[in-house]
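Numbering (this note's numbering), first residue to last: 45 to 217.
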């Protein structure tokens, strides 16, 4: 006994109506696994960090960095040096490391001149203690007290939010 074409259509409709009324239980993956793998960014950054990584660079790279205006600084003695200011202190940059320098002063303040369109890019600090995070504190020399450098890429963007890091340049926004 074969069903006609309209009967088959009617049977399909009944089957679909019945299936639509059955509750469906879907399981979604836990966010804990994603969070745990993202948390490895701290460990991955620490493992990738070597003494060869420039603390202060003249271009962006795979590390999250902070942009600092480049200046020509007239020190107390000797020729002009290139550097930047941070926390009201002046630093000169030599071979990717920054050391404090005291600019010579005249009647209107320190003898410094911004270099138009040029910047230094310092490693961005990450505080690994509970409640820590991207500190925005530049790592400019070989001391890493209480902070670690931050490796760039999607791993950090997923932890900090894309608004904090400009993904094209790995710069803190």
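Note that CB positions come from ideal geometry on N, CA and C, so glycine has one too.
- Between the stretch 151-160 and the stretch 97-108, the count of Cβ pairs shorter than 8 Å is below three; the stretches do not touch.
- With a 10 Å radius around the Cβ and a threshold of 16 neighbouring Cβ atoms, residue 54 comes out exposed.
- Just so you know, the alpha carbons of residue 121 and residue 144 end up roughly 14 Å apart.
- In its chain, beyond the 5 residues on either side, 166, 168, 182 and 216 have a beta carbon closer than 6 Å to the beta carbon of residue 110.
- CA-to-CA, the gap between residue 49 and residue 56 works out to about 11 Å.
- The three-state secondary structure of residue 49, taken from DSSP, is helix.
- Boundaries of the beta strand (DSSP E) around residue 168: 156-170.
- Per the coordinates, the alpha-carbon of residue 163 lies some 14 Å from the alpha-carbon of residue 184.
- In this structure, the straight-line span from the alpha carbon of residue 104 to that of residue 148 is close to 30 Å.
- If you look at residue 110, you'll find it in the beta strand (DSSP E) that goes 109-117.
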